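Engineer: In the numbering used here, the protein residues as written are 66 to 366.
All residues carry an ideal CB built from backbone N, CA and C; glycine is no exception.
Note that the coordinates shown come from a computational prediction; the quantities given were computed from them, not determined experimentally.
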């Protein structure tokens, strides 16, 4: 039992849990600041954040099974590939976990089920469209952005407003698009062998230019905002440092390091609009991701 739990936790890739949890946090901030103030954080907030954090890991089990052919080349030490994590019991735990999220979410607001179902459908679509360049990243971005809509529905007990949908489309989706795009550098060898078409396998130089351009726009935007608040200057510097470090890691084929930086960069960019209030959580997340990578130290996993 302990052995199963160990390999299940490793397969959850807990550092990515901060990506979905931070997306939930942005949704919570949209509701709180949209109503005029933050107020005291509640058990409801904590529950939504916990569900956001765990949702990535529960879903990752299915993703590992779907990607096992490419992973046999890119990440041959993953428990699902080596056989150390048996699919059926792992599926059972993930289904139970996702079912618990659905039940708790429904008790908060029936609207949460709509975005949980939408996220699940988009995730399946992503698996089917992974061989289509650019569209794969877009579908992934839409799927993960549902975490913010789920949080809004659970917190406000209603469907998100048009303005909230607009914010998700204008900021959250592009950030997740960039993260998905950046995640493909480490998988080039396996993707080519499996016939998965990404910009990294077709036009590596164009892919890197796209990565750098999107981050550069974020740095410029935060630089302008820094005029209004010194914390945003810190934000801009942090984004620039992570972006340069990511570029260097990819250029030197240090893909495990690039994965850590990509995760940290995504989490930090999600904080942009609420960085003045959420910067402590952002700092804790960046440190936690770095520490978790000490446990996930196998580049082939």
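Measure the CB-CB distance between residue 220 and residue 74 and report whether it falls below 9 Å.
Structural biologist: The answer is no: Cβ separation not under 9 Å.
Engineer: How about the segment 80-94 and the segment 120-134: do they share at least three Cβ pairs that are nearer than 8 Å?
Structural biologist: As far as the Cβ criterion goes, the segment 80-94 touches the segment 120-134, which means the pair count is three or higher.
Engineer: Going by other Cβ atoms of all chains shown within 10 Å of its Cβ, with 16 needed for buried, is residue 80 buried or exposed?
Structural biologist: Buried, since its Cβ has 16 or more Cβ neighbours within 10 Å.
Engineer: Would you check if there are 3 or more beta carbon pairs closer than 8 Å linking the segment 241-253 to the segment 316-323?
Structural biologist: Yes, the segment 241-253 touches the segment 316-323.
Engineer: Cα separation between residue 125 and residue 78?
Structural biologist: When rounded, the distance between both Cα atoms is 8 Å.
Engineer: Would you kindly work out how many angstroms separate the C-alpha atoms of residue 204 and residue 331, rounded to a whole number?
Structural biologist: Going by the C-alpha atoms only, they are around 17 Å apart.
Engineer: Which one of 273, 93, 71, 132 has the shortest CA to CA distance from residue 336?
Structural biologist: If we check each option's Cα against that of residue 336, 93 comes out closest.
Engineer: Within its chain, find whatever has a CB closer than 6 Å to the CB of residue 89; leave out the 5 residues flanking it on each side and keep chain order.
Structural biologist: Only 113, 114, 117, 212, 216 meet the Cβ criterion.
Engineer: Could you tell me the distance, in whole angstroms, from the CA atom of residue 274 to the CA atom of residue 339?
Structural biologist: When rounded, the distance between both Cα atoms is 28 Å.
Engineer: If you draw a straight line from the C-alpha of residue 136 to the C-alpha of residue 235, how long is it?
Structural biologist: For residue 136 and residue 235, the distance between alpha carbons rounds to 32 Å.
Engineer: Roughly how many whole angstroms lie between the Cα atoms of residue 322 and residue 351?
Structural biologist: Answer to the nearest angstrom: the Cα atoms are 14 Å apart.
Engineer: Please determine if the segment 224-239 and the segment 162-171 are in contact, where contact requires at least 3 C-beta pairs separated by less than 8 Å.
Structural biologist: The answer is no - the segment 162-171 does not touch the segment 224-239, with fewer than three Cβ pairs under 8 Å.
Engineer: Cα separation between residue 183 and residue 108?
Structural biologist: So the alpha carbons of these two residues sit roughly 25 Å apart.
Engineer: Any beta-carbon of chain B closer than 9 Å to the one on residue 192?
Structural biologist: No chain B appears in the structure shown, which is made up of a single protein chain.
Engineer: Determine the DSSP secondary structure at residue 89, reduced to helix, strand or coil.
Structural biologist: The answer is helix: DSSP assigns residue 89 an H, G or I state.
Engineer: How far does the alpha helix (DSSP H) with residue 237 in it reach, from first residue to last?
Structural biologist: Neither: residue 237 is in no alpha helix (DSSP H) and is coded neither H nor E.
Engineer: For the segment 258-343, list the alpha helix (DSSP H) runs that are entirely contained and at least 4 residues long, ordered along the chain.
Structural biologist: Qualifying alpha helix (DSSP H) stretches, in chain order: 264-267, 269-291, 295-316, 320-335.
Engineer: Residues in the same chain with beta-carbon distance under 6 Å from residue 176, minus the five sequence neighbours each way, listed in chain order, please.
Structural biologist: Here the set comprises 218, 224.
Engineer: Keeping to the same chain, check which residues put their C-beta closer than 8 Å to that of residue 145; ignore five residues upstream and five downstream.
Structural biologist: The residues are 76, 126, 129, 130, 133, 136, 152, 155.
Engineer: Can you have a look at residue 66 and say buried or exposed, based on whether 16 or more other CB atoms are within 10 angstroms of its CB?
Structural biologist: Classification of residue 66: exposed, given that the 10 Å Cβ count is below 16.
Engineer: Within its chain, find whatever has a CB closer than 6 Å to the CB of residue 355; leave out the 5 residues flanking it on each side and keep chain order.
Structural biologist: Closer than 6 Å at Cβ, skipping near neighbours: no residue.
Engineer: Thinking just about the alpha-carbon of each residue, which of 186, 222, 195, 194 is nearest to the one in residue 210?
Structural biologist: Answer by Cα proximity: 186.
Engineer: Taking only the alpha-carbon atoms, compute the straight-line gap between residue 310 and residue 180 and give it to the nearest angstrom.
Structural biologist: Using only the alpha carbons, I get a separation of about 35 Å.
Engineer: Do the CB positions of residue 283 and residue 245 come within less than 9 Å of each other?
Structural biologist: Not in contact: residue 283 and residue 245 (Cβ atoms no closer than 9 Å).
Engineer: Rounded to whole angstroms, what's the CA-CA distance from residue 345 to residue 260? Just pull it up for me.
Structural biologist: Straight-line Cα distance between these residues: approximately 42 Å.
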